[in-house]
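Colleague: Before I ask anything, here is the structure I am working with.
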Amino acid sequence: MITTTGGEGVCGCGLLSSMRSLVGLAVVVTVASLYLYSLSLYLPAGPQRRLPSPSGVQTEHVETSAEPEEPADSSGEPSRLKFPSDLEELQELAELLQFYKTEHTGYVLLLFCSAYLYKQSFAIPGSSFLNILAGAIFGLYEGLLLACVLTTVGSTMCYLLSKAFGKRYIENLFPDKVSMLQKKVEENRDCLFFFLLFLRFFPMTPNWFLNMSAPIVNIPITFFFCSVFIGLLPYNFICVQTGVMLSELSSLDDLFSWERLLQLLAIACMALLPSALIRRFSQKRLKLDVHVQNGLITDKKFQ
Numbered sequence: 001m002i003t004t005t006g007g008e009g010v011c012g013c014g015l016l017s018s019m020r021s022l023v024g025l026a027v028v029v030t031v032a033s034l035y036l037y038s039l040s041l042y043l044p045a046g047p048q049r050r051l052p053s054p055s056g057v058q059t060e061h062v063e064t065s066a067e068p069e070e071p072a073d074s075s076g077e078p079s080r081l082k083f084p085s086d087l088e089e090l091q092e093l094a095e096l097l098q099f100y101k102t103e104h105t106g107y108v109l110l111l112f113c114s115a116y117l118y119k120q121s122f123a124i125p126g127s128s129f130l131n132i133l134a135g136a137i138f139g140l141y142e143g144l145l146l147a148c149v150l151t152t153v154g155s156t157m158c159y160l161l162s163k164a165f166g167k168r169y170i171e172n173l174f175p176d177k178v179s180m181l182q183k184k185v186e187e188n189r190d191c192l193f194f195f196l197l198f199l200r201f202f203p204m205t206p207n208w209f210l211n212m213s214a215p216i217v218n219i220p221i222t223f224f225f226c227s228v229f230i231g232l233l234p235y236n237f238i239c240v241q242t243g244v245m246l247s248e249l250s251s252l253d254d255l256f257s258w259e260r261l262l263q264l265l266a267i268a269c270m271a272l273l274p275s276a277l278i279r280r281f282s283q284k285r286l287k288l289d290v291h292v293q294n295g296l297i298t299d300k301k302f303q
């Protein structure tokens, strides 16, 4: 009887702990979602619609007191502010935010940072679109700095949320992957930082999963923070530079100019150089049981 009661007590404590974690995570998600929604409510008036004139030339429509019922362009409505899911939506959002940036720079910066951290903190896919958007809105240098800082801070927030609320659920949902990652972390404990860089350059497991499972497999937050900033720098650079190029293109012919081709070559070199260095180091020091060929993992054991 004593043993049974003790077992029931342990189960009850475990269930209570799980409920607290679930409720705590739900509160955090709800508060963050309400903040992001309330921020979108302060969206300034958007650009006015360009209407075709009888001569076939588009002219900008200007509101007058004689026509109070004529609405401004619908692109200024809060409903237009949504995470882009394809290139067309990305271009529309970039044009809208570029318009706002000229008059409301602080608002656009706050909105972009908040949306980026929201996606990263809760492991929502699609950060590549936001990296491209950063290049289109803020340019190469400011956009790259923003992307690197926000990626690192957002991933660290995901790390902390997982540590506080998600350990039990992640272990239950992905037992095999967590076990394999734990094994590899222990095998490479003497060069853990370079192992983490390798995982970012050659993602044998998705970045979102690595962010959530890092505290579970006892990866120090300092190593995690630095490895995210350095390891995702080439990827962020590619996305941001792509956004810069897209914002400057007026036609498809511009994509095949010598200037664009040289930019693409520079992007490729930027991505391949650090990857080659990490690959060379990994072959000598890291215990991976996988083979990297042309930047791809050929062994499926760790995927």
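Residue 303, in the UniProt record's numbering, is where the sequence shown stops; the numbers in between run on with no holes.
Just so it is clear, CB atoms sit at the ideal spot from N, CA and C, and this is done for glycine as well.
Helix, strand or coil, according to DSSP, for Glu89 in the structure here?
Modeller: Taking the sequence shown and counting its residues from 1, the one referred to as residue 89 is at position 89. It is helical.
Colleague: Tell me the DSSP secondary structure of Val28 in three-state form.
Modeller: Within the sequence shown, the letter at position 28 stands for residue 28. Residue state, collapsed to three classes: helix.
Colleague: Taking one C-beta from the segment 196 to 203 and one from the segment 229 to 241 each time, how about it: are there three or more such pairs within less than 8 Å?
Modeller: Because the criterion of three Cβ pairs below 8 Å is met, the segment 196 to 203 and the segment 229 to 241 touch.
Colleague: I need the DSSP call for Ile221, collapsed to helix, strand or coil.
Modeller: On the sequence shown, residue 221 is found 221 positions in, with the first residue counted as 1. Helix, per DSSP.
Colleague: Quick check: the Cα distance between Tyr35 and Glu187, rounded to an integer number of angstroms?
Modeller: In the sequence shown, residue 35 corresponds to position 35, counting from 1. In the sequence shown, residue 187 corresponds to position 187, counting from 1. About 42 Å.
Colleague: Going by alpha carbons, who is nearest to Val244 out of Gln182, Thr105, Tyr141 and Val149?
Modeller: As a working mapping, residue 244 is identified with position 244 in the sequence shown. That would be Tyr141, whose Cα lies nearest to the Cα of Val244.
Colleague: Closest by CA to Ala115, which one among Met212, Ser213, Phe129 and Thr102?
Modeller: As a working mapping, residue 115 is identified with position 115 in the sequence shown. Ranking Met212, Ser213, Phe129 and Thr102 by Cα distance to Ala115 puts Phe129 first.
Colleague: If we call anything under 8 Å between Cβ atoms a contact, is Ile137 one with Thr242?
Modeller: As a first step, residue 137 must be located in the sequence shown, where it is residue number 137. As a first step, residue 242 must be located in the sequence shown, where it is residue number 242. Result no, Cβ atoms of Ile137 and Thr242 do not sit closer than 8 Å.
Colleague: For Tyr118, which of Ser155, Gly139 and Leu93 has the nearest alpha-carbon?
Modeller: Here residue 118 is taken as the residue at index 118 of the sequence shown, counted from 1. Comparing Cα positions, the closest option is Ser155.
Colleague: Within the chosen definition, does the segment 206 to 216 reach the segment 145 to 163 through at least 3 CB pairs nearer than 8 Å?
Modeller: Segments in contact, yes.
Colleague: In angstroms, rounded to a whole number, what distance separates the CA positions of Lys184 and Leu210?
Modeller: Position 184 of the sequence shown, counting from 1, holds the residue named residue 184. Position 210 of the sequence shown, counting from 1, holds the residue named residue 210. So the two alpha carbons sit approximately 13 Å from each other.
Colleague: Have a look at residue 322 and Leu262 and give me their C-alpha separation to the nearest angstrom.
Modeller: Look at the range of the chain in this structure, 1 to 303, and you will see that residue 322 is not part of it.
Colleague: Taking only runs of the alpha helix (DSSP H) that begin and end inside the segment 174 to 209, which ones reach a length of at least 4 residues, in chain order?
Modeller: Listed in chain order, the complete alpha helix (DSSP H) runs (minimum 4 residues) inside the segment 174 to 209 are 175 to 187 and 192 to 201.
Colleague: I need the DSSP call for Gly166, collapsed to helix, strand or coil.
Modeller: Residue mapping note: residue 166 aligns to position 166 of the sequence shown, counting from 1. Correct three-state label for Gly166: helix.
Colleague: Is it right to say Leu110 is buried, meaning 16 or more other beta carbons lie within 10 angstroms of its own, or is it exposed?
Modeller: Within the sequence shown, the letter at position 110 stands for residue 110. So Leu110 counts as exposed.
Colleague: Within this structure, are the beta carbons of Arg168 and Ser21 separated by less than 8 Å?
Modeller: For the purposes of this step, residue 168 is identified with residue 168 of the sequence shown, where counting begins at 1. For the purposes of this step, residue 21 is identified with residue 21 of the sequence shown, where counting begins at 1. Yes. Within cutoff.
Colleague: Just reading off the alpha helix (DSSP H) that Phe237 is part of, what are its end residues?
Modeller: If you number the sequence shown from 1, residue 237 lands on position 237. Leu233 to Glu248 is the extent of the alpha helix (DSSP H) around Phe237.
Colleague: Around the C-beta of Val240, are 16 or more other C-beta atoms found within 10 angstroms, so that it is buried, or is it exposed?
Modeller: The sequence position of residue 240 within the sequence shown is 240, counting from 1. With 16 or more other Cβ atoms within 10 Å, it is buried.
Colleague: Out of Val27, Tyr235, Asn172 and Ser179, which has the shortest C-alpha to C-alpha gap to Leu145?
Modeller: The sequence position of residue 145 within the sequence shown is 145, counting from 1. Measuring from the Cα of Leu145, the nearest candidate turns out to be Tyr235.
Colleague: Quick check on the burial criterion: 16 or more other C-beta atoms within 10 angstroms. Buried or exposed for Ala134?
Modeller: By 1-based counting over the sequence shown, the position of residue 134 is 134. Per the 10 Å Cβ criterion, buried.
Colleague: What's the gap between the Cα of Ser247 and the Cα of Pro175?
Modeller: For the purposes of this step, residue 247 is taken as the residue at position 247 of the sequence shown. For the purposes of this step, residue 175 is taken as the residue at position 175 of the sequence shown. Looking at the two C-alpha atoms, the distance is approximately 43 Å.
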